[in-house]
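S.K.:
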Amino acid sequence: MATVQKNEEAGVRLHAKALVAMTFVSLSSFQYGLDFGVIGGLQAMIGFLKVFGEPPSEALPKWNISSERQQLISSLMVLGAFVSSSSAGFTSRWAGRRLSLWIACALVFVSTAIMQATVDIGGLYAGRLILGLANGLLMTHAQLYITEVLPARFRGLGISAFAFWIAFGSFVGNFIDYGTADRPDRSSYIIPLGTVHIIPGILSIALFFLPESPRWLAARGQTAQAEKSLTWLRPGPANWSVAAELAEMEAALAAEAQLNSSIGFMDLFRHPVDRRRSAIAILGLTTQAASGAMFLISYGTYFFSMADVGDAFTNSCILTGIGVAGLVVSNLIITRWGYRRPMMMSGFLLCGLAQLIIAVVYTVEPGTEKTGKVIVGISVIYIVAYNCLISPYAWLSGWLTTFTAPYFINPDSLNWGPKYGYIWAPSCFITAIWVYFYLPEAKDRTLEQIDEMFEARVPARKFRGYQCTGSHAAAEKEKEADMPHATHEEGDGASSTTKQHVVADAKV
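Just so we're aligned, residue 13 is where the sequence shown starts under the numbering used here, counting upward by one.
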């Protein structure tokens, strides 16, 4: 017992290798955020518009890009990510985590090189689609790798790091655009695109030194290699847990295989409790897209440029920088106190209010300096509120938002500009109401306790204060009393990962 307590106290040191592996692999999301930041600024660069855009005219006395090209440039990447992430079940099962990440890095290199070399819009479209395929693989397999190599106590940290790198990557992308925007030739966008090579290069090298996921190896029956991988990830005095963790992993995989043989896709909707779970999972994935943030992420710099609200590149850098700070604060709050439901509800309400104010102000006084200051100021509130929306988003809903936005904001189409907020304000308000009535708070709850609350049909707003008294809760209390704290945490984590994989496999 003394050894267990000592290991718990020195947990970060003992799991340093696993945390290093998590850090390198989580950089995948930095590349994804970097791409969004870079591509959003390119569409407002003169050097880029001279190649792919339209010259000034009497109708619009500034360089512009057609809405059709604009929507394809941004949305093809998201569409490619949707396709590759939807087919990730195959690569996840047969290629493994490391090989899938290597393939994704290779696709990033190819796609970015195409976009740097081409002066044809078709080549640019092809590059964006291939980059989307790469990003879908990167984001999917990086998250799988992180959850499978980290012990349970650090998985929350891994997911938080993953989200942070996206926001920070977007900030860096906007800052790079700011530094090259004034160049009058193709170098204005070729240089920012070149930076997209950096993270895949680092990750490709790092993967030579990182082990394969022990869970994937165990699932393939490669027990010796799985034990070797776990030994690397849990070095030194922590090795006492490797044999137990591997045995639990194999038992969980056997149970998962048995479960997979007896369930089908329609079982997700057959029982009222399962329908409720499935509805929460599916609609929860779309909540971030419902905020309307994808249009500001994808077209932020262009949006500011067309709305005449100061220097577009400076404003984008300010907003993304504040967004990074807001994300750090929200992650600290979530990790320490929870409050996911209140933060999401307040985030959506603030996002909706900010969108409405921007639209109304621009409707009353379009194009004035006063309106520009209000739009920038309210956009700051919007970005901070957006970072309270911690749920992941679905690729398909993100693609739909990105694809349709140019029709509303481009001067060649509806030319709504900031009035586009009229579309997303009610969407935010409706989603906030949905969160209140349907999205439960599950912080510090075991999967067994969550099962009990779903079976008891506890309303979502009462999950946080509900006292579990059934067999699940009794079993958990007995386990806590009889087992060392470190082993219990590892056990809960393995159980959670197993069930997550069953659901993921069922969806695939």
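Built from N, CA and C at the ideal position, the CB exists for glycine as well.
1) Rank 262, 212, 44 by C-alpha distance to the C-alpha of residue 232 and give the top, closest one.
2) For residue 560, which residues of its own chain have a beta-carbon under 6 Å away from its beta-carbon, when the five flanking residues on both sides are left out?
3) Rank 144, 372, 241 by C-alpha distance to the C-alpha of residue 97 and give the top, closest one.
4) Quick check on DSSP: helix, strand or coil for residue 66?
5) Is it the case that the region 56-75 contacts the region 107-117, given that we only count it when at least three CB pairs across the two stretches are under 8 Å?
6) Measuring alpha carbon to alpha carbon, tell me which residue in 465, 438, 432, 475 is nearest residue 448.
7) Any idea which residues DSSP pairs residue 343 with across the strands?
8) Using the rule of at least 16 other Cβ atoms within 10 Å of the residue's Cβ for burial, across every protein chain shown, is residue 382 buried or exposed?
9) Quick test of your reading: residue 68 and residue 74, contact by CB under 8 Å. State the CB separation rounded to the nearest angstrom.
10) With DSSP collapsed to three states, give me the class of residue 427.
11) Kindly list the residues whose CB is nearer than 8 Å to the CB of residue 303, restricted to its own chain and excluding five residues on each side of it in sequence; keep chain order.
12) Could you check what DSSP says for residue 76 in three-state terms: helix, strand or coil?
13) By Cβ distance, which residues of its chain are closer than 6 Å to residue 404, with the 5 residues on each side in sequence left out?
14) Since I believe residue 181 is in contact with residue 300 (beta carbons under 8 Å), could you give me their beta-carbon distance rounded to a whole number of angstroms?
15) Where residue 100 and residue 152 are concerned, what is the direct C-alpha to C-alpha distance, given to the nearest angstrom?
16) Would you grab the beta carbon distance between residue 3 and residue 27 for me? Rounded to a whole angstrom, and I think it's under 8 Å.
17) With distance defined between alpha-carbon atoms, name the residue in 123, 390, 161 nearest to residue 147.
18) Using a Cβ-Cβ cutoff of less than 8 Å, which residues in the same chain neighbour residue 135 once the five nearest sequence positions on both sides are dropped?
19) What span of residues does the alpha helix (DSSP H) with residue 29 cover, start to end?
20) Would you mind working out which of 236, 228, 77, 183 sits nearest residue 159, comparing C-alpha positions?
21) How is the alpha helix (DSSP H) around residue 281 delimited, first residue to last?
22) Check for me: the alpha helix (DSSP H) holding residue 11 runs from which residue to which?
23) Quick check on the burial criterion: 16 or more other C-beta atoms within 10 angstroms. Buried or exposed for residue 376?
24) Whose C-beta lies closer than 7 Å to the C-beta of residue 29 among residues of the same chain, with five residues either side of it excluded?
25) Pick out whichever of 189, 179, 150, 87 has its Cα sitting closest to the Cα of residue 141.
26) Go ahead and pull the three-state DSSP assignment for residue 240.
27) Select from 468, 469, 386, 478 the residue whose C-alpha is nearest the C-alpha of residue 455.
28) With H, G and I counted as helix, E and B as strand and the rest as coil, what does DSSP make of residue 197?
29) On the three-state DSSP scale, how would you describe residue 190?
30) Please classify residue 378: is it buried, with 16 or more other beta-carbons within 10 angstroms of its beta-carbon, or exposed?
31) Along the alpha helix (DSSP H) that carries residue 120, what are the first and last residues, could you check?
32) Measure the CB-CB distance between residue 34 and residue 169 and report whether it falls below 9 Å.
33) Please state if the CB of residue 313 and the CB of residue 522 are separated by a distance shorter than 9 Å.
34) With distance defined between alpha-carbon atoms, name the residue in 345, 428, 316, 451 nearest to residue 386.
35) Alpha carbon to alpha carbon, what distance is there between residue 355 and residue 446?
M.R.: Taking the structure as given:
1) Looking up residue 232 in the sequence shown gives position 220. With distances taken between Cα atoms, residue 232 lies closest to 262.
2) The structure shown does not extend to residue 560, since the chain is modelled only from 13 to 520, so the question has no answer here.
3) Working through the sequence shown from its first residue, we reach residue 97 at position 85. It is 144.
4) For the purposes of this step, residue 66 is taken as residue 54 along the sequence shown, with counting starting at 1. It is a strand residue.
5) Segments in contact, no.
6) On the sequence shown, position 436 is the one that residue 448 refers to. Minimum Cα distance to residue 448 is reached at 475.
7) Here residue 343 is taken as the residue at index 331 of the sequence shown, counted from 1. As far as DSSP is concerned, residue 343 takes part in no beta bridge.
8) Numbered from 1 along the sequence shown, position 370 holds the residue referred to as residue 382. That one is exposed.
9) Mapped onto the sequence shown, residue 68 falls at position 56. Mapped onto the sequence shown, residue 74 falls at position 62. Their Cβ separation, rounded to whole angstroms, is 6 Å, which keeps residue 68 and residue 74 in contact under 8 Å.
10) As a working mapping, residue 427 is identified with position 415 in the sequence shown. Reduced to three states, the DSSP call for residue 427 is coil.
11) Within the sequence shown, the letter at position 291 stands for residue 303. 359, 360, 363, 398, 401, 436, 439, 440, 443, listed in sequence order.
12) In the sequence shown, counting from the first residue as 1, residue 76 sits at position 64. Strand.
13) Along the sequence shown, one-based indexing puts residue 404 at 392. Bear in mind that a pLDDT of 39 at residue 404, under 50, signals an unreliable position, so the model cannot answer this.
14) Along the sequence shown, read from residue 1 onward, the residue named residue 300 stands at position 288. Along the sequence shown, read from residue 1 onward, the residue named residue 181 stands at position 169. That pair is no contact at about 17 Å.
15) The residue given as residue 100 occupies position 88 in the sequence shown. The residue given as residue 152 occupies position 140 in the sequence shown. Approximately 7 Å, taken between the alpha carbons.
16) Because the chain here runs from 13 to 520, residue 3 falls outside it and cannot be looked at.
17) Working through the sequence shown from its first residue, we reach residue 147 at position 135. Of the listed residues, the one whose Cα sits closest to residue 147 is 123.
18) To locate residue 135, count along the sequence shown from 1; it is residue 123. So the qualifying residues of the chain are 126, 127, 129.
19) Here residue 29 corresponds to residue number 17 of the sequence shown, with the count starting at 1. Here the alpha helix (DSSP H) through residue 29 covers 28-54.
20) Position 147 of the sequence shown, counting from 1, holds the residue named residue 159. The candidate whose alpha carbon is nearest that of residue 159 is 228.
21) Along the sequence shown, one-based indexing puts residue 281 at 269. Counting along the chain, the unbroken alpha helix (DSSP H) around residue 281 starts and ends at 279-282.
22) The structure shown has nothing for residue 11, since the chain only spans 13 to 520.
23) Taking the first residue of the sequence shown as 1, we reach residue 376 at position 364. Flag for residue 376 reads exposed.
24) Start at 1 with the first residue of the sequence shown, and residue 29 comes out as number 17. Around residue 29, the same chain offers 244, 245, 247 as residues with beta carbons nearer than 7 Å, after the five sequence neighbours per side are excluded.
25) Working through the sequence shown from its first residue, we reach residue 141 at position 129. Of 189, 179, 150, 87, the residue nearest in Cα terms is 87.
26) Translated into positions along the sequence shown, residue 240 becomes position 228. Residue 240: helix per DSSP, three-state reduction.
27) The residue you call residue 455 lines up with position 443 of the sequence shown. Closest by alpha carbon: 478.
28) The count along the sequence shown starts at 1 and reaches residue 197 at position 185. DSSP, reduced to helix, strand and coil, places residue 197 outside both helices and strands of the structure shown, so it counts as coil.
29) Translated into positions along the sequence shown, residue 190 becomes position 178. Per DSSP, reduced to three states, the secondary structure at residue 190 is helical.
30) If you number the sequence shown from 1, residue 378 lands on position 366. Taking a 10 Å sphere around the C-beta of residue 378, we find fewer than 16 other C-beta atoms and assign the residue as exposed.
31) On the sequence shown, residue 120 is found 108 positions in, with the first residue counted as 1. Start and end: 108-129.
32) Taking the sequence shown and counting its residues from 1, one reaches residue 34 at position 22. Taking the sequence shown and counting its residues from 1, one reaches residue 169 at position 157. Yes.
33) The question about residue 522 has no answer here: the residues shown for the chain are numbered 13 through 520.
34) Taking the sequence shown and counting its residues from 1, the one referred to as residue 386 is at position 374. Closest by alpha carbon: 316.
35) Locating residue 446 in the sequence shown gives position 434, where the first residue counts as 1. Locating residue 355 in the sequence shown gives position 343, where the first residue counts as 1. Looking at the two C-alpha atoms, the distance is approximately 14 Å.
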